[in-house]
Structure formats: C-alpha cells, structure tokens
Amino acid sequence: MTELEQPPRRFSEIARLKLADTHTQGALDMSTARLYGNRTAAWQAVPEIEALRQRAHDARMRVIDDLDTHVARFTEALEARGGHVHFARTADDANAYVTEVCRRAGAKLAAKSKSMLSEEIGLNGALEAAGVRVVETDLGEYIVQLAGEHPVHILAPAIEKTAQDVAELLSRVEGKPVPAELEALTQAARRQLRQVFLDADVGITGANFGVSETGSICLVTNEGNGRLVSSLPRVHIALMGMERLVADLPDLAVLLRLLARSGTGQRLSVYTTLLTGPRRAGEEDGPEELHVVILDNGRSNLLGTHYREMLACIRCGACLNVCPVYRKAGGAAYGPVYSGPMGAVLLPLLVGLEQAPSLPHASSLCGACTDACPVKIPLHELLLELRKDLVDQRIAPWWERAGFGLWSLAWSSPLGYRVSTRLGRALQGLGGLAGPGRVWARGRALPRLGRRYRDRR
Ligand code: SF4
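In our numbering, each residue carries its 1-based index in the sequence shown increased by 75.
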C-alpha cells in the first residue's frame, strides 16, 4: 500500500474516535475558527476580491491546460542558470533520485522545510532507509515528527495539538520541563533546531510555486526555516508537483496576494523567497547544487478531464477551515497526507477511486469549501462527480446502488413519490432505518417525515 492508499473503513473509524475525543475537538474548533475568521476579515479588506479570485483561477487554468510547455520552459530556464531538473513519474522515481543525490553528497543529515509532497511520496522513510537522518524544521512538522504522527492539516500540521501537548514533546528532547507558553516553546524549538540547520549536508524543501518564465522556485513560510534550509546546506533539493507552475512573475503576484490571505489571514506570509539557480560566482551564500524534482504521481491522469480544475489548488488550507466535516472528523481520517475537501477530491483522483471510496462522501455538500477557495475550484461539484463515478464504475456497494436506483425510480412519478413517502412514514413508526441505513443514521438526528409537504416560504 502506498502513502496515499487507505483501508476502506479508515474514514469512519478514525472520525468516530476523533468525535469522542473532547481534547482534539477543542483544539480543532479553536484553531479552525481562528483561521476561518482571519480569512474572512482579510478577504473583506480587499474590495476587488472576486475579480482577484477570477484572475487567479484563469492564471492557474492557463498553465494547467498547457502544462507540457510550462514544464519544458521551466526546465530550460533553470538549467540555463545551473540548476538540475528531474521529472519523476512516480513516488519511487522521486525517492530514488533524492536518495541518489544525498548519496553522492555523502549526506548523513538532511534538514527539511515543510513539504506535503514529501509526505505524499514517503520521502523520510526512503531517506532513513538509506542511512540519512531527516529532521523537520517547520515547527508544526517538527512537533508531528516528535509525536511520530503525520500532518493533519496542509497548512498547520499540528493543528490538533494544544500548547500543553507541544510542551510535553519538546520537554522530552530538552530533558527538562518546558512551560506551555508561546515564547518558551518557540525558544526550546529554536535551541533544538539551530544546530540542525548548521550541520545539515542537504536541505530539502517543497516549492509553493515554480515560475516557468524565469526557472525560479518560490517558497512561502512564516518561520524563516525555508530560507535556512535552502541556503546553508551545500545541496538544496526542492520537491514540486508538476501543477505548481505559474507562467510568469505577474501571475505569481496575483496568487501570492491570495495565498496568505486565504490561509492565515495575513496580507503576505512573513518570508516569500524566490530562488533562481544555485549560488553563482561572487555570491556569498546559497547552495552549490540546486535540484528541483517535478513530480507527476498520477496528476497527468487529470489533464484533459473536468477534474483538472483540482490541479489549480494552491494549498492554502481555507477549504479545510470552513468544512463542517473536517472540523469534526480531523485530518487523520482522510489519510496521512491531504485532508479536508481538497484531500477528499484529490486523493481518489491520484490513487484511483477504488483505493479511497469513502472520501467523496466525507462532505455535507454545503458548498462552503467552494465559496472559500481563492482559485474558485468547484470542490463540492467535483465531490458530487466522484460520487457519480463510484456508481458508474460499480465501486459503490450493490445495496447502495440498488437503494438510490429505487429511490430515483420512485420519485420520478407522483404516484411513486406518494407511495414511497407513505412507506417511509410507516417504517419510521416501526423503528426507523434498517441494515446499512441504520449505520448511516447513527450519529444523525433525522427529522420525522411530515404527513404532507409544507411550503415554508
Ligand atoms: S482547494 Fe482551494 S481552498 Fe482548498 S486548499 Fe486548495 S486552493 Fe485552498
């Protein structure tokens, strides 16, 4: 099983555990509400926000609809400036390339800045197996690594941890208690990570965007660790999904105006770094080697289909923070990498619906995710499409397909509608749903069916 595939009942089993865990519920509620509120206020402060979202959507789709050209242009521009570009079809291919670069560099320690792509391909495990120690340097990722867990939010990996949880994890490394206060926690993390930046042989980062016109990669962080990881070690390896390219710097500027506002409510993240090639003669810092790994890993299957809109995602996290399902179920239910509405759409598309059949159902279809998406991805419509595919491809269980088929048939005529609703009322009186219906209704408060439809307008 790859990092992305998941057992069929994973979502419901983990979601049920999380719902009963008041500690996690409290942390999730508080953090997602804060991010949601920050985003709303930041958007309200931009009068032209709808026009900006449309420009961002158009910029993303222009590249996605001509991706081969942009990959070639980016590769040519970066190689002209001394960088190396490797196009990896699969996770194994990407891991093998990164491992080989580390082997050639004689690396014993790799410092990593946050990269969801490295989670997607299971890079840490591959490097550890090759004898390279990997240390996460994004604070949230570091906390999750100390806990031996996976990120549960694409923007805030440790969103389900409280200050007390973090204090306990950092205290173990310190060998003495660290108070659960913001300044003490950040000072402890700084002490623990500073030497890693200085000692690392290789720095590994993600890439928020790649600019095909200039061959630059753009890193967006709030902690500055991305700059240290990409400039102090002798070798820098950046991992980037093939869809993260933008055409030029003006398009990048549009997306940057939306990224931080939509994720955390900031006008701009604290550090926005553009890197164009390795260190050149006469420059004082920067790596001697820069390698950019561009990953496909299933993305090209979406090109030319209506699902290609999902490739426009800029990983801002806004759809997670507004989703009533994510806010209760938490990130782990979706799998170890992508979660919330963007994960529920993207994961089945990357690994195949049969490997993640429960995710298209992890939504109330309220549409809040679509409204919050800065690049206007119609997330809830894509989820509905995926549900249709589950039926068309006969992946949904027979009883589900038969049930919805009968329902559709019954409600296609006035007589069928009347008979089925009467039957429904009678069955409700006899104790409600049976079989799979009873499982579905568990945890839901179903209203009683009225004797007749009332128009409430
Ligand atoms: S789908 Fe949209 S809202 Fe969700 S993370 Fe991606 S860009 Fe942000």
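The C-beta atom is built at its ideal place from N, Cα and C for all residues, glycine as well. Predicted model, so just to flag it, every value in this text is computed and none were measured.
### Task
Going by DSSP, name the residue or residues bridged to Y172.
The residue labelled residue 172 in the question sits at position 97 within the sequence shown. Answer is none; Y172 lacks a bridge partner.
### Same chain, Cβ closer than 7 Å to D490, neighbours up to 5 away in sequence not counted
For the purposes of this step, residue 490 is identified with residue 415 of the sequence shown, where counting begins at 1. According to the sequence displayed, residue 490 carries Leu and not Asp. Hits under 7 Å: none found.
### Query
Just how far apart, CA to CA, sit L521 and R500?
Taking the sequence shown and counting its residues from 1, one reaches residue 521 at position 446. Taking the sequence shown and counting its residues from 1, one reaches residue 500 at position 425. Rounded to whole angstroms, L521 to R500 spans 12 Å at the Cα level.
### Task
Excluding the 5 residues preceding and the 5 following A90 in the sequence, name in chain order all residues of the same chain whose CB lies nearer than 6 Å to its CB.
Residue mapping note: residue 90 aligns to position 15 of the sequence shown, counting from 1. So the qualifying residues of the chain are A404, A408.
### Query
Does the beta-carbon distance from V362 to V321 come in below 8 Å?
Numbered from its first residue, the sequence shown carries residue 362 at position 287. Numbered from its first residue, the sequence shown carries residue 321 at position 246. Going by the sequence as given, residue 362 is Pro instead of Val. Contact: no.
### Task
Quick one: using the 10 Å Cβ neighbour count with 16 as the cut-off for buried, is K93 buried or exposed?
Here residue 93 refers to the residue found at position 18 of the sequence shown. It counts as buried.
### Query
Is there at least one non-hydrogen atom of the ligand SF4 closer than 7 Å to the beta-carbon of V450?
The residue given as residue 450 occupies position 375 in the sequence shown. Yes, the beta carbon of V450 sits closer than 7 Å to at least one heavy atom of the ligand SF4.
#### Entry: Closer than 7 Å: G373 CB and nearest the ligand SF4 heavy atom
The residue given as residue 373 occupies position 298 in the sequence shown. Answer for G373: no, Cβ out of range of the ligand SF4.
### Task
Would you list the residues sitting across from S106 in a DSSP beta bridge?
The residue given as residue 106 occupies position 31 in the sequence shown. For S106, which the question treats as bridged, DSSP gives no partner whatsoever.
### Alpha carbon of L425 to alpha carbon of T165, nearest angstrom
For the purposes of this step, residue 425 is identified with residue 350 of the sequence shown, where counting begins at 1. For the purposes of this step, residue 165 is identified with residue 90 of the sequence shown, where counting begins at 1. If I take the Cα positions, the gap works out to 11 Å.
### Query
Span of the beta strand (DSSP E) holding M191?
Numbered from its first residue, the sequence shown carries residue 191 at position 116. Element bounds for M191: not the beta strand (DSSP E) but the alpha helix (DSSP H), 191 to 196.
#### Entry: Span of the alpha helix (DSSP H), counted from its first residue to its last, around R247
Against the sequence shown, residue 247 aligns to sequence position 172. Note, R247: alpha helix (DSSP H), 238 to 249.
### Message
Quick check on DSSP: helix, strand or coil for A476?
### Response
The sequence position of residue 476 within the sequence shown is 401, counting from 1. Residue 476 is actually Arg in this sequence, not Ala. If DSSP states are grouped into helix, strand and coil, R476 belongs with the helices.
### Message
If you measure between the beta carbons of E195 and P226, is that distance less than 8 Å?
### Response
Residue numbering aside, residue 195 sits at position 120 when the sequence shown is read from its first letter. Residue numbering aside, residue 226 sits at position 151 when the sequence shown is read from its first letter. No, these two residues do not count as a Cβ contact at 8 Å.
### Query
E208 bridges to which residues according to DSSP?
Translated into positions along the sequence shown, residue 208 becomes position 133. The identity of residue 208 in the sequence shown is Arg, whereas the question assumes Glu. Paired residues: L184.
### Message
Give me, in chain order, the residues of the same chain whose beta-carbon lies closer than 6 Å to that of R531; leave out the 5 immediate sequence neighbours on both sides.
### Response
Numbered from 1 along the sequence shown, position 456 holds the residue referred to as residue 531. Per-residue confidence for R531 stands at a pLDDT of 49, beneath the threshold of 50, marking its modelled position as unreliable; no derived number is given.
### Query
Assuming K187 contacts V210 under a Cβ cut-off of 8 Å, what Cβ separation, rounded to an integer in Å, is found between them?
For the purposes of this step, residue 187 is taken as the residue at position 112 of the sequence shown. For the purposes of this step, residue 210 is taken as the residue at position 135 of the sequence shown. Yes, they are in contact, since the Cβ atoms of K187 and V210 sit about 7 Å apart, within 8 Å.
### Query
Whole alpha helix (DSSP H) runs in the segment 260 to 346 with 4 or more residues, listed along the chain?
300 to 306, 324 to 338
### Task
Please confirm whether L333 and R128 have their CB atoms less than 8 Å apart.
In the sequence shown, residue 333 corresponds to position 258, counting from 1. In the sequence shown, residue 128 corresponds to position 53, counting from 1. Cβ distance < 8 Å, so L333 and R128 count as in contact.
### Query
When burial is assigned at 16 or more other CB atoms within 10 Å of the CB, is F149 buried or exposed?
Here residue 149 refers to the residue found at position 74 when the sequence shown is read from its first residue. So F149 counts as buried.
### Task
List the DSSP bridge partners of F162.
Position 87 of the sequence shown holds residue 162. Beta-bridge pairing links F162 to I369.
### Message
Less than 8 Å between the beta carbons of V138 and H145, yes or no?
### Response
Here the question's residue 138 lines up with position 63 in the sequence shown. Here the question's residue 145 lines up with position 70 in the sequence shown. It is a contact, given that the beta carbons lie within the stated cut-off.
### Query
Can the beta-carbon of K189 be found closer than 8 Å to that of G281?
Translated into the one-based positions of the sequence shown, residue 189 becomes position 114. Translated into the one-based positions of the sequence shown, residue 281 becomes position 206. A contact, by the Cβ cut-off of 8 Å.
### Query
Do T347 and F272 have their C-beta atoms closer together than 8 Å?
Here residue 347 is taken as the residue at index 272 of the sequence shown, counted from 1. Here residue 272 is taken as the residue at index 197 of the sequence shown, counted from 1. Contact: no.
### Query
From P252 to S375, what does the alpha carbon distance come to, in whole angstroms?
Against the sequence shown, residue 252 aligns to sequence position 177. Against the sequence shown, residue 375 aligns to sequence position 300. Those two C-alpha atoms are separated by around 49 Å.
#### Entry: Rounded C-alpha distance that separates L244 from I218
For the purposes of this step, residue 244 is taken as the residue at position 169 of the sequence shown. For the purposes of this step, residue 218 is taken as the residue at position 143 of the sequence shown. Distance between the alpha carbons of L244 and I218 is about 7 Å.
### Query
With 16 as the cutoff for other CB atoms within 10 Å, does F479 come out buried or exposed?
If you number the sequence shown from 1, residue 479 lands on position 404. Burial call: exposed.
### Task
Flag this pair as yes or no: are the beta carbons of L365 and H161 separated by less than 8 Å?
One-based indexing of the sequence shown puts residue 365 at position 290. One-based indexing of the sequence shown puts residue 161 at position 86. Taking 8 Å as the Cβ cut-off, L365 and H161 do not qualify as a contacting pair.
### Message
For L349, list the residues DSSP reports as bridge partners.
### Response
The residue labelled residue 349 in the question sits at position 274 within the sequence shown. Note: L349 sits in a beta bridge opposite C293.
#### Entry: Cβ-Cβ separation, A443 to C391 (assumed contact under 8 Å), whole Å
Along the sequence shown, read from residue 1 onward, the residue named residue 391 stands at position 316. Along the sequence shown, read from residue 1 onward, the residue named residue 443 stands at position 368. Actually they do not touch by this definition, with Cβ atoms about 14 Å apart.
### Message
Rounding to the nearest angstrom, what Cα-Cα distance links H455 and S438 in this structure?
### Response
If you number the sequence shown from 1, residue 455 lands on position 380. If you number the sequence shown from 1, residue 438 lands on position 363. For H455 and S438, the distance between alpha carbons rounds to 8 Å.
### Query
Residue range of the alpha helix (DSSP H) that R462 falls in?
Stepping through the sequence shown from its first residue, residue 462 is reached at position 387. Note, R462: alpha helix (DSSP H), 454 to 467.
### Query
Using DSSP with H/G/I as helix, E/B as strand and the rest coil, what is T359?
The residue you call residue 359 lines up with position 284 of the sequence shown. In the sequence as presented, Thr is not what sits at residue 359; that position holds Glu. If DSSP states are grouped into helix, strand and coil, E359 belongs with coil.
### Task
Whole angstroms is fine: what's the gap from S495's alpha carbon to E475's?
For the purposes of this step, residue 495 is taken as the residue at position 420 of the sequence shown. For the purposes of this step, residue 475 is taken as the residue at position 400 of the sequence shown. Between S495 and E475, the C-alpha separation is close to 17 Å.
### Message
Let me check you understand the geometry: is the CB of A447 closer than 7 Å to at least one non-hydrogen atom of the ligand SF4?
### Response
The sequence position of residue 447 within the sequence shown is 372, counting from 1. Answer for A447: yes, Cβ within range of the ligand SF4.
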